[in-house]
Amino acid sequence: MIELAPDRLLAVFVLLPSVAVGLVLHEWLHALVLRLAGIEYTIVFGGERTTGVLSGMLSHPWAVVHPQPTGAEPAWNLRVAAMSPLLLALPALGVATGLLTVPAQPAVTAILLATLACAIPSPQDFSVAFYAHSVLEDIDKGE
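Structure below.
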């Protein structure tokens with residue numbers, strides 16, 4: 009039989025909500041930069057799930073930001089917005105460098121790891137970062 013100490017059991021229960029919050033923060037960071045740049049956007053929570061709750065949560069994005077640029081914006085605005093979730097790595101970086109001290113508890117470690125995992129840009133984020141200029145050129149051409 010597997011036995012978990014109470015502090016490790018707490019870490020298990022803290023991990024999933026931490027990932028959920030981290031994923032929403034990931035999208036909100038995109039939206040924050042877009043707002044600061046004056047670019048319109050929409051946020052969709054939950055997507056278009058037609059399946060059950062569990063399978064929908066595992067197979068669809070929980071939140072998505074759709075920027076609506078006019079084509080007049082500089083490409084770097086979209087690039088910065090695409091990479092902005094990397095800011096979620098700052099707490100883990102602070103702990104790793106010793107600038108931030110946190111209690112050595114499994115639950116705190118779980119929260120840090122969940123936040124760090126949510127800091128990873130998605131393939132769509134990288135696509136926007138690398139091809140923002142092409143998207144803006146297509147908008148200018150009316151495509």
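Start counting at 1 in the sequence shown, then tack on 8, and there's your number in my numbering. Ideal Cβ placement from N, Cα and C applies to all residues, glycine included.
For residue i, list the residues DSSP reports as bridge partners.
i: residue 53; result: 71
i: residue 48; result: 76
So residue i packs on residue j, CB below 8 angstroms; how close in whole Å?
i: residue 117; j: residue 99; result: That belief does not hold up - the Cβ atoms of residue 117 and residue 99 are roughly 12 angstroms apart, past 8 angstroms.
i: residue 20; j: residue 52; result: Not a contact, Cβ separation roughly 30 angstroms.
Within 10 angstroms of its Cβ, does residue i collect 16 or more other Cβ (buried), or is it exposed?
i: residue 101; result: exposed
i: residue 157; result: Outside the shown range of the chain (9 to 151) lies residue 157, about which nothing can therefore be said.
i: residue 13; result: exposed
i: residue 110; result: exposed
i: residue 142; result: exposed
i: residue 54; result: exposed
i: residue 82; result: exposed
(request) Evaluate the contact criterion for the stretch 73-83 versus the stretch 139-147: three or more CB pairs, one atom per stretch, below 8 angstroms. (result) In short, these stretches touch, since the Cβ pair count reaches three.
Original post:
At a cut of 8 angstroms, does the stretch 121-138 reach the stretch 24-36 through at least three beta carbon pairs?
Top reply: With the cut-off at 8 angstroms, the stretch 121-138 and the stretch 24-36 touch.
**OP:** Say whether the stretch 102-113 touches the stretch 44-51, bearing in mind that this needs 3 or more beta-carbon pairs closer than 8 angstroms, one atom from each stretch.
**Re:** Under the Cβ criterion (8 angstroms, minimum of three pairs), the stretch 102-113 does not count as touching the stretch 44-51.
### Query
Which ranges would you report for the beta strand (DSSP E) in the stretch 71-148 if only whole runs of at least 3 residues count?
Within the stretch 71-148, the complete beta strand (DSSP E) runs of at least 3 residues are 71-76.
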